[in-house]
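Structure first, then comments.
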Amino acid sequence: MKKSDINNTSETNWDLVDSLTDETIDRTDLPPLDDAFFAKASWRMPQTKVAVTLRMEPDLLSWFRAQGEEYEDRMIAALRIYAQAHRDMSSNV
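Heads up, the sequence shown is in this note's numbering, so the first residue is 1273 and it goes up one at a time.
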C-alpha cells in the first residue's frame, strides 16, 4: 500500500444516500422475496467480538477515524478482506 492510498476519500454522495427513503429507492430490478427465497434463507447471528490492543502508525489510524464513527468496523472489514484474499491464495498453492 502506498502512503498516498491512505489519503484517498470516498466519492460517495452520502448526503444523497442519507436523503433516500423507502419510497424513493428504485427496486424494479430486484427479484421478489417470495416463499422460495425464504425456504433457502438461513438465520445467522454475528460472532461476539474480542477486544485487542494494536499498535499502528498514527496516519493510518487517523485515516480510518476520518471515515466516520464506525471506523473500527471498517478496520475489521479491511482485515477480513485481506485475510480472505490470502486464504484464497494459500489454498491455490
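Think of the CB as a built atom: it goes at the ideal place given N, C-alpha and C, for glycine as much as any other residue.
Does DSSP put residue i in a helix, in a strand, or in coil?
| i | result |
| --- | --- |
| E1344 | helix |
| L1288 | helix |
| Q1356 | helix |
| W1315 | coil |
| A1323 | coil |
| L1332 | helix |
| R1337 | helix |
| L1305 | coil |
How close, in whole Å, do the beta carbons of residue i and residue j come, if the pair is a contact with beta carbons under 8 Å?
| i | j | result |
| --- | --- | --- |
| R1346 | Q1339 | 6 Å |
Pick out whichever of the options has its Cα sitting closest to the Cα of residue i.
| i | options | result |
| --- | --- | --- |
| L1326 | D1290, E1344, M1361 | E1344 |
| V1324 | P1303, F1310, I1348 | I1348 |
| T1281 | I1297, L1332, H1358 | L1332 |
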